[in-house]
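**Q** Taken in order, these protein sequences are the chains called A and B. So for the first sequence, this note's numbering puts the first residue at 60; every next one is plus one. So for the second sequence, this note's numbering puts the first residue at 42; every next one is plus one. Heads up, the beta-carbon is just placed ideally off N, CA and C, and yes, glycines get one too. Given the structure is predicted, the values throughout are model-derived calculations rather than measurements.
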Amino acid sequence: MINRLSDPLDFQAQALSLRSERQRLIASNIANADTPGYVARDFDFARALRDATSSQALASGGGAAARANAVLRYGAASQTSLDNNSVDMDRERAAFAENTVKFEATLRFINGSVRTMLDAMKSHNQG
Amino acid sequence: MTTIFDVAGSAVSAQSQRLNVVASNLANADTVAGPDGKAYKARQVVFTTELMGARGALGPEASAGVRVSTVTEDNTPGRRMHDPKNPAADGDGYVTYSNVNAVEEMVNMISASRSYQNNVEVMNTAKTLLLKTLQMGS
Chain A
60 MINRLSDPLD FQAQALSLRS ERQRLIASNI ANADTPGYVA RDFDFARALR
110 DATSSQALAS GGGAAARANA VLRYGAASQT SLDNNSVDMD RERAAFAENT
160 VKFEATLRFI NGSVRTMLDA MKSHNQG
Chain B
42 MTTIFDVAGS AVSAQSQRLN VVASNLANAD TVAGPDGKAY KARQVVFTTE
92 LMGARGALGP EASAGVRVST VTEDNTPGRR MHDPKNPAAD GDGYVTYSNV
142 NAVEEMVNMI SASRSYQNNV EVMNTAKTLL LKTLQMGS
């Protein structure tokens, strides 16, 4: 029975945790914008979330194991540089902003469903 | 998520070290060789990736900070000018100045300052997101 309360939150929790991983990855890319030989990295968010929330991943104790398998991909340089650094600052900044907005969106979804559940638990004469 | 502060913090500190080196180069742009005949040599920092924090679902390689691995000296010969009246002149009347290229240093300075700003913004965004996460469910 308690599953009914926590299941909708589980999906958002996985999404939030993956968003935070991606935020960390992009922050590393931005930090290494001037490091010679550094290769920019990212992962496919949609695929990672699908893997983490698939029924078999949830059956085997949450999506943590599936999340560990999320494949890091290496970004190709949009413009070659002499020091072999493949960080494209424009692309990283855009990805960072996008990820920030979607992180906040996920937070709002969680807050929304928490509020819905609290409202459902309230008795009608409580105001 | 808190590792972001470590990552961006390491980058900010590396960029500020780079700015520091640029400052010493620019300060010494017009120094002349001392009695030993050796003028100031321009210095450059070399960045290298530093993996930090073993935690996180994507493994330790997911968060890569920066540190300054070495500071190299530019060994090109310094500018020489004929100025026999200068007390620092050598036997032939030439004064050796430092080999700092002021234009290069200015470009380096702007690049370092932009990278610094980018990383500060990353930290600010991470802070906002974490504060909002703390208020989750209210």
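If I measure Cβ to Cβ from Ala154 (chain A) and keep anything under 6 Å in the same chain, skipping five residues before and after, which residues do I get?
**A** For the purposes of this step, residue 154 (chain A) is taken as residue 95 along the first sequence, with counting starting at 1. Excluding sequence neighbours, Ala154 (chain A) sits near Ile85.
**Q** What residues match up with Leu172 (chain B) in a beta bridge as DSSP calls it?
**A** Here residue 172 (chain B) corresponds to residue number 131 of the second sequence, with the count starting at 1. According to DSSP, Leu172 (chain B) bridges with nothing at all.
**Q** Taking 9 Å as the cut-off, decide whether the C-beta atoms of Gln82 (chain A) and Phe162 (chain A) are in contact.
**A** Within the first sequence, numbered from 1, the residue matching residue 82 (chain A) stands at position 23. Within the first sequence, numbered from 1, the residue matching residue 162 (chain A) stands at position 103. Yes; because the gap between Cβ atoms is below 9 Å, this pair is in contact.
**Q** So which residues of chain B does Asp103 (chain A) contact, with C-beta pairs closer than 7 Å?
**A** In the first sequence, residue 103 (chain A) corresponds to position 44, counting from 1. Those do not exist, as Asp103 (chain A) stays about 12 Å from chain B at its closest Cβ, beyond 7 Å.
**Q** Buried or exposed: which applies to Ala179 (chain A), given that a residue is buried once 16 or more other Cβ atoms fall within 10 Å of its Cβ?
**A** Taking the first residue of the first sequence as 1, we reach residue 179 (chain A) at position 120. Counting Cβ neighbours within 10 Å, Ala179 (chain A) comes out exposed, since fewer than 16 surround it.
**Q** Grab the span of the alpha helix (DSSP H) containing Phe88 (chain B) for me, first residue to last.
**A** The count along the second sequence starts at 1 and reaches residue 88 (chain B) at position 47. Run containing Phe88 (chain B): none in the alpha helix (DSSP H); it sits in the beta strand (DSSP E), Arg84 to Leu92.
**Q** Looking only at its chain, what residues have a beta carbon closer than 6 Å to the beta carbon of Ala124 (chain A), apart from the 5 residues adjacent to it on each side?
**A** The residue given as residue 124 (chain A) occupies position 65 in the first sequence. Confidence at Ala124 (chain A) is low in this model, with a pLDDT of 49, below 50, so the placement of that residue should be treated as unreliable; the coordinate-derived value is given next. Counting only Cβ-Cβ distances below 6 Å, and skipping sequence neighbours, we find nothing.
**Q** Between Met150 (chain B) and chain A, is the shortest Cβ-Cβ distance under 9 Å, so that the two count as touching?
**A** Taking the first residue of the second sequence as position 1, residue 150 (chain B) is located at position 109. Output row for Met150 (chain B): interface = no.
**Q** Identify which residue in A:His183, A:Leu131, A:Arg174 and A:Val98 has its Cα closest to the Cα of Leu64 (chain A).
**A** Translated into positions along the first sequence, residue 64 (chain A) becomes position 5. For the residues A:His183, A:Leu131, A:Arg174 and A:Val98, the minimum Cα distance to Leu64 (chain A) belongs to A:Arg174.
**Q** Flag Gly134 (chain A) as yes if its beta-carbon sits less than 9 Å from any beta-carbon of chain B, otherwise no.
**A** Mapped onto the first sequence, residue 134 (chain A) falls at position 75. Taking Cβ atoms only, chain B never reaches closer than 9 Å to Gly134 (chain A), which makes this a no.
**Q** Examine the Cβ distances between the stretch 122 to 131 of chain B and the stretch 144 to 154 of chain B and report whether three or more of them are shorter than 8 Å.
**A** Result no; under three Cβ-Cβ pairs closer than 8 Å.
**Q** Mind checking whether Ala92 (chain A) and Asn144 (chain A) have CB atoms under 9 Å apart?
**A** The residue labelled residue 92 (chain A) in the question sits at position 33 within the first sequence. The residue labelled residue 144 (chain A) in the question sits at position 85 within the first sequence. The answer is yes: Cβ separation under 9 Å.
**Q** Determine, for Glu157 (chain A), whether the minimum Cβ-Cβ distance to residues of chain B falls below 9 Å.
**A** Within the first sequence, numbered from 1, the residue matching residue 157 (chain A) stands at position 98. Not closer than 9 Å to any Cβ of chain B, the Cβ of Glu157 (chain A) fails to qualify, so no.
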